[in-house]
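Okay, so here's the structure we're looking at.
There are 2 protein chains.
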Amino acid sequence: MSPAQATAALHPVRVVAQRTGLSPDVLRAWEKRYSVVQPLRSDGGQRLYTDADLERLSLLARAIAGGRSIGQISDLSLRELENLITADETERANSSRTAQGRQLRASCFLSLAMKAVTDLDMFELEEVLRRATMHLSTVVAIDEVIVPLLHEVGVKWAAGEITPAHEHLGSVAVRRVLAWMQSSAVVPPNAPVAVVGTPADQRHELGAKIVATTTSYESWKVVYVGSDLPAEAIAVATKQSGARLIALSLIYPTGCPHMLEQLKAIRDLVPPEVLIVTGGKAAQTQRDAIATYGMRVIANLPEYRILLRSLHPSPIGL
Amino acid sequence: MSPAQATAALHPVRVVAQRTGLSPDVLRAWEKRYSVVQPLRSDGGQRLYTDADLERLSLLARAIAGGRSIGQISDLSLRELENLITADETERANSSRTAQGRQLRASCFLSLAMKAVTDLDMFELEEVLRRATMHLSTVVAIDEVIVPLLHEVGVKWAAGEITPAHEHLGSVAVRRVLAWMQSSAVVPPNAPVAVVGTPADQRHELGAKIVATTTSYESWKVVYVGSDLPAEAIAVATKQSGARLIALSLIYPTGCPHMLEQLKAIRDLVPPEVLIVTGGKAAQTQRDAIATYGMRVIANLPEYRILLRSLHPSPIGL
DNA sequence: AATTTCTTGACGAGAGTTGGACACCAGCAG
DNA sequence: CTGCTGGTGTCCAACTCTCGTCAAGAAATT
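Which chain is which? The protein sequence lines are E and U, in order. First residue of the first sequence? That's 1058 in the numbering used here, and the numbers climb one at a time after it. First residue of the second sequence? That's 1058 in the numbering used here, and the numbers climb one at a time after it.
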């Protein structure tokens, strides 16, 4: 504990390895190939690193983490190393903030998620999706990870590249993550109410779940009525909840005449001041017919968000 | 930025690609087809770009992002490029909302939060902060709303513009929002462990809470030991949890000699391979002294995140 | 005695290089 | 509308270079 001892502290290779994050092998290789440090030796020949060695190695390790290669930086002085590191790190701190940095990260999450699906690793998939919602915003995570993921899975499933098991695993994980996201949304007590679901014969759920979550995050109270629901049930839910808006997901089957009948029935059963919006592939194909019933057809989620905000401008601009 | 110092650094293609956002393929293609730069070569024939090359390529990349095509701008001088880019970007700033729109939203949340503080409206403040975390990402919400808010409150409190009641209300709301954020973080079972808190005599908590939340969101398991904790207690917590990292928030009082003693005591009590990092105003003022104890001093949260990622690279790049 | 560290040498994954091919898009001519 | 052409980003194959890792046997440390 004397000051003399404190300055003379020497570290064995194990301590240096753990503090710098470099393996003992690497420490020896760097010393031999690039002479980055020349540690003292014990009587038996074992390396004893000084604090100065430790600092130099730490700086080198940080520079490596910043994308440098050891051969190029092994000769630099401490001061040069520090300059290099601060330049690299501030650069990196900035780049994660730009729009393109974010775009890049979103596609990175997407490919990881897709890999988890093909690996049939549900735990991994769920974790990737949760991390995406934490590191990107919820909105970006839905638009640029979850929706593209489902789309890609659908395409590959149709092409026979993946099995129904993969598709099912993806659905389950996405459903759970959406439920988790929605549970952490905060809805003010005086929020307007929206009914979300799919009408009769539409037997898919994820589209509606995504719409429900999106609606929640725009500060609406959501009454989620599930899928394949007859017009009467939707009308009852609307009346009881006092909803101003009904959002219907129409994906499959497309081109079913029954669907138009159902939509018309809903339109007739609820008060005319309730706005009904539809989205999804099946809605696109029947675009004109649906419009004649006085319903809106939405092409994508951002458009839906804009609609929501125009219906109920939140105190927070945009 | 003196030219004498800047000349030392040469950049491998990987760094240039990351900083400019251009792919290595593009860098080579531009060099071959348009001679936009002529990088030096290493002994092995690998490209080594100077700072000047880097700047030129960055400008070209921005011009490309602005809609220009490489063939038409490859001959332009740096000045001409700058003019072109500012013209393009001001043009675009008027028409659409991109990165600036996000920045704008963050500052919008911030001013709403500040208004809630001066109005002594805790419910509103909490809701604004929660919405900020939902609409921005958690990371951005912390960096650009919560931290600036606390800073502004501190400044106004010091200037006597607001009362202790305002300051207290802000602390309570922020603390609750942080707790909520942390509860919704997902930590994988095999995550490394970090101990977070403040040492003895440091009687503030929010800084440590923010660090704890940030650490959680980087997929670490956090042992939060609270504030004003003696060195022995921190050492025990470290040992029992098997932590690899101790993160200490040092804000107030600054310049207290006692603090350095405490830090030294912690350093001596825990195994040398445990990394200790410090941050906060008091850490900055004692920067050099702390560094001699083998501890890192962190300037801001982005730098802390980079450190965390270098210690435990998550499967998700960046 | 068990574990760690040392040295030397070699291996191989990954990154970088070159030359060339290819896909895509625009504009323009037939 | 179709086909051609030049401009560009991307990809591929084969090779080289870099650098982390491993193996094996000896020595030191605990």
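Each residue gets a CB set at the ideal place from its N, CA and C atoms; glycine is no exception. Please read all numbers here as calculations on a predicted model, not as lab measurements.
For the putative contact between E/VAL1244 and E/THR1295, defined by C-beta atoms under 8 Å, what is the C-beta separation to the nearest angstrom?
Between E/THR1295 and E/VAL1244 the Cβ distance is about 18 Å, and since that is not below 8 Å, they are no contact.
Which residue from U/LEU1305, U/PRO1329, U/SER1367 puts its Cα closest to that of U/GLN1341?
U/LEU1305
For the stretch 1067-1081 of chain U, enumerate the residues whose C-beta is nearer than 8 Å to any C-beta of chain E, in chain order.
LEU1067, PRO1069, ARG1071, VAL1072, GLN1075, ARG1076, GLY1078
Give me the Cα-Cα distance between E/ILE1142 and E/LEU1133, rounded to the nearest whole angstrom.
12 Å
Between U/GLU1330 and chain E, is any beta-carbon pair separated by less than 7 Å?
yes
Per DSSP, which residues does E/PRO1221 bridge with? Please list them.
The partner list for E/PRO1221 (beta bridge, DSSP) is empty, contrary to what the question assumes.
Can you round the beta-carbon distance between E/VAL1250 and E/ARG1301 to whole angstroms, since I take them to be within the 8 Å contact cut?
7 Å
Quick one, which residues of the stretch 1173-1205 of chain E are near chain U if we go by CB-CB under 8 Å, in chain order?
GLU1184, VAL1185, ARG1187, ARG1188, MET1191, HIS1192, LEU1193, SER1194, THR1195, VAL1196, VAL1197
Between U/ILE1363 and the rest of its own chain, which residues show a CB-CB distance below 6 Å, the 5 nearest in sequence each way excluded?
none
Given this structure, state the Cα-to-Cα distance separating E/ALA1265 from U/ALA1074, to the nearest angstrom.
41 Å
Could you tell me the distance, in whole angstroms, from the CA atom of E/PRO1069 to the CA atom of E/ILE1267?
56 Å
Is there a Cβ of chain U sitting closer than 7 Å to that of E/GLY1124, yes or no?
yes
Could you check whether the Cβ of U/TYR1281 sits closer than 7 Å to any Cβ belonging to chain E?
no
Where the alpha helix (DSSP H) containing E/ARG1085 begins and where it ends
1081-1091
Under 8 Å: do the stretch 1346-1354 of chain E and the stretch 1302-1321 of chain E share three or more Cβ pairs, one atom per stretch?
yes
Mapping DSSP to helix, strand and coil, what is U/ILE1303?
strand
For the beta strand (DSSP E) containing E/ILE1355, name the first residue and the last one.
1353-1355
Spell out whether any CB of chain E is found under 7 Å from the CB atom of U/TYR1091.
no
Excluding the 5 residues preceding and the 5 following E/ILE1219 in the sequence, name in chain order all residues of the same chain whose CB lies nearer than 6 Å to its CB.
LYS1213
Should E/GLU1148 be flagged as near chain U, meaning a C-beta pair shorter than 7 Å?
yes
For chain U, is any of its Cβ atoms less than 7 Å away from the one on E/LEU1141?
yes
Taking the beta strand (DSSP E) that U/TYR1106 belongs to, which residues open and close that run?
Run containing U/TYR1106: none; DSSP gives neither H nor E here.
Which whole-angstrom value is the C-beta distance of U/GLU1369 and U/TRP1277, which I expect to be below 8 Å?
For clarity, residue 1369 of chain U is His in the given sequence; the question names Glu instead. Sure, about 7 Å apart at Cβ, within 8 Å.
Is it the case that the Cβ atoms of E/VAL1334 and E/ARG1353 are separated by a distance below 7 Å?
yes
Secondary structure at E/GLY1336, three-state DSSP: helix, strand or coil?
strand
The alpha helix (DSSP H) with U/VAL1073 in it runs from where to where?
1070-1077
From the DSSP output, which residues share a beta bridge with U/LYS1213?
Answer by DSSP bridge pairing: none, since U/LYS1213 is not bridged.
Of all the residues that make up the stretch 1230-1252 of chain E, which are near chain U by a beta-carbon distance shorter than 7 Å?
SER1241, ALA1242, VAL1243, PRO1245
With which residues is U/ALA1251 paired in a DSSP beta bridge?
U/VAL1279, U/LEU1302
Mind checking which residues open and close the alpha helix (DSSP H) that includes E/PRO1328?
E/PRO1328 -> no alpha helix (DSSP H), and no H or E assigned at all.
Just verifying my parser: in three-state terms, what is the DSSP assignment at U/ASP1345?
helix
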